[in-house]
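Quick note, our numbering runs 852 ahead of the 1-based positions in the sequence shown.
Below you'll find the structure, written out as structure tokens, and then a few comments.
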Amino acid sequence: MQHFGHFIDGAFTQPDGVIDSINAATGDVWCQFSRGQAQHAERAILSAQSAFDTWSAKSGAERADVLEQLADTLSQRWEELVEAEIGDNGKRITEVRGQLSGLHGWFRPAAQQARDLVPHDQGNTLAGVRSEQQYLPFGVVVAITPWNSPLMILAWKLAPALAAGNTVVVKPSEMASASTLLFADMAHQAGLPAGVLNVVTGFGHEVGEPLVRHPLTRKVTFTGSDAGGRKVAETAASNVIPTTLELGGKSPQVVFADCDLDDAVNGILSGIFLSNGQTCVAGSRLIVERSVKAELVSRLVSRAGGLKLGDPMDPQTQIAPLANEPHLKKVTAMITQAKDDGARCLLDGLETARGRSGFFVGPTLFDDVTPDMQLWRDEVFGPVLAITSFDTEDEAIALANDSNYGLAAGVWTMDDDKGARVAQAIQAGTVYINHYRSVDPMSPIGGLKLSGYGRELGPEAIKAFLQIKSVWTGTSSVPDPFPDDVEAQ
């Protein structure tokens, strides 16, 4: 049994309070985190504030050097973080290894952005003055991260925030904190100064809210549910604190009859079942042209029904458990509700998983899902695919946009013009054409509507963690505004 304290000012605190982390595959407690309170939030914020002056005073190149050192350390030691992340959320080892082996790759572009960040001329049109745009870090940034991909999503926030000169306090999910704590210690060993990165564990209402509400907090970045995002935004607004919110999704996959069906099947399976549906961009609504629906759905049912449920530490496992028991109950309830609403269950993941210990739900497919059903409207965040059909392009677009969310979407067609046209019309922050789930440091990610606001990643990710200052300089003599020889009018 491992016991973790908070990570504050470059060291672990003594564990206090208790939050159990449950192994998703067995249902057993495998480690415990400290249950943070307002006083722990206070310590972490003060540590970050104390470190801010020195960290922000470094040049962009100096901060970049530290981030490059961290990237080098991660490229050599990432395997030390794998078991902790799997222990927390039950994700398959093949997927976790894929994410963490590339963790260093999120820090190198941020380091380069820090090196490239210089003031630039604003090109104003006024004679006798020039103006320059400068960039200032916010100060203490609070980052709140989810349980599904803790370290990858943390890296998306942390790398540009640190590159910009901010210091950061992280509040990971109370259900998945171990890998974040180990990462913070590793970052400190790699040369990140004490106080620049602090981690406080606990429940949102007990430690997350005090972090967001603290008068020294200057920026908040949150990834999680839209309900959680509302609470964070409301709390931050009380102190006029800017927020970046990456929230839920109900992403459509639109399949046209002229697509490559083999590619579409692979992309749909990847989009909804690769992480057992536990990703914000899960392609959970399948909107397929009627003429190819029967064949496509038959192939999906056959492929999904053959996927192997098992131990997440086994490389042969294709479907791992859901991350925690409360989430299992939510997904189970939504599957049951879909049946009650009249959706036709083609593959029942509750039956597939029956009798297993742990928090398992197998791939689940529903046909005849209508836009008034809960399964169409609400995020499941599980391995559940809702299927409907269309006859015209306009109908497909209308169905895709019939959602309160707008995070991602997929379009499958061999007609390049149609693909571009439909992608332009779909209301989503990211649209994939003939593939799904790509992510890259140079591609911004974020949502529309209830999927949040602001963007992470991209070639200017650092600027999301900077404030702009305009500096004006006179380049010629300043005329007297009240000359004595002006005649009275």
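We put the beta carbon where it would ideally sit given N, CA and C, even for glycine.
Residue burial is scored here from C-beta neighbours: residue 866 has fewer than 16 other C-beta atoms within 10 angstroms and is therefore classed as exposed. Inter-segment contact for the region 1141-1161 and the region 960-970 is absent: fewer than three beta-carbon pairs are separated by less than 8 Å.
Apart from the 5 residues on each side of it in sequence, residue 1071 sits with its Cβ closer than 6 Å to the Cβ of 990, 993, 1094 in its chain, given in chain order. Distances from the CA of residue 1089 to each of 1110, 1067, 1101, 1329 were compared; the closest alpha carbon is that of 1067. Taking all protein chains shown into account, residue 1318 has 16 or more neighbouring C-beta atoms within 10 Å of its C-beta and is therefore buried.
Per the coordinates, the alpha-carbon of residue 1049 lies some 16 Å from the alpha-carbon of residue 1004.
The alpha-carbon separation between residue 900 and residue 1020 amounts to approximately 6 Å.
The DSSP-derived three-state label of residue 1095 is strand. Under DSSP, the beta-bridge partners assigned to residue 989 are 1318. Judged by DSSP secondary structure, residue 1050 falls within the beta strand (DSSP E) whose first and last residues are 1049-1051. Residue 923 places its beta carbon 9 Å or farther from that of residue 1293. The beta-carbon separation of residue 1084 and residue 1074, rounded to 5 Å, stays under the 8 Å limit for a contact.
Just so you know, the alpha carbons of residue 1202 and residue 1194 end up roughly 17 Å apart.
Residue 1254 sits close to residue 1223, with the two beta carbons spaced by under 9 Å.
The C-alpha of residue 1036 is placed about 44 Å away from the C-alpha of residue 1197. Excluding five sequence positions before and after residue 953, the CB atoms of its chain that fall closer than 7 Å to its own CB belong to 930, given in chain order.
With respect to the C-alpha of residue 1308, the residue from 1259, 1286, 1185, 1110 having the closest C-alpha is 1259.
DSSP, read as helix, strand or coil, puts residue 1009 in helix.
Cβ-Cβ separation between residue 1281 and residue 1303: approximately 7 Å, consistent with a contact (criterion under 8 Å). Its chain contains 974, 983, 985 as the residues whose beta carbon lies nearer than 7 Å to that of residue 1322, once the 5 sequence neighbours on both sides are disregarded; these appear in chain order.
Look at the beta carbons and you see the region 1096-1104 not touching the region 1015-1033: under three pairs across the two are nearer than 8 Å.
By the beta-carbon neighbour count (other beta carbons within 10 angstroms, threshold 16), residue 1334 is exposed. When rounded, the separation of the alpha-carbon atoms in residue 1291 and residue 1330 is 52 Å. The alpha-carbon of residue 936 is positioned some 19 Å away from that of residue 1171. Take the alpha-carbon of residue 1239 and the one of residue 1139: they are about 6 Å apart. Within the same chain, 1043, 1044 come within 7 Å of residue 918 by CB-CB distance, once the 5 residues on both sides are set aside. A contact between stretches requires three or more CB pairs, one per stretch, nearer than 8 Å, and the region 1027-1036 fails this requirement with the region 1163-1170. For residue 1297, the secondary structure class from DSSP, reduced to helix, strand or coil, is strand. The residues 1194, 1195, 1196, 1239, 1240, in chain order, have a CB closer than 8 Å to that of residue 1220 in the same chain once the five nearest residues on each side in sequence are set aside. Residue 853 counts as exposed, since fewer than 16 other C-beta atoms from the protein chains shown sit within 10 angstroms of its C-beta.
Around the CB of residue 1131, 16 or more other CB atoms lie within 10 Å, so the residue is classed as buried. If you draw a 10 Å sphere on the C-beta of residue 1145, you find 16 or more other C-beta atoms in it, and that means buried. DSSP places residue 1105 in the strand class (E or B) of the three-state scheme. Restricting attention to 995, 1267, 960, the CA atom closest to the CA of residue 1056 is found in 995.
Non-local beta-carbon contacts of residue 862 in its own chain, meaning distances under 6 Å to residues more than five positions away in sequence, involve 1040, 1046 in chain order. In the structure shown, residue 876 falls within a coil segment according to DSSP collapsed to helix, strand and coil.
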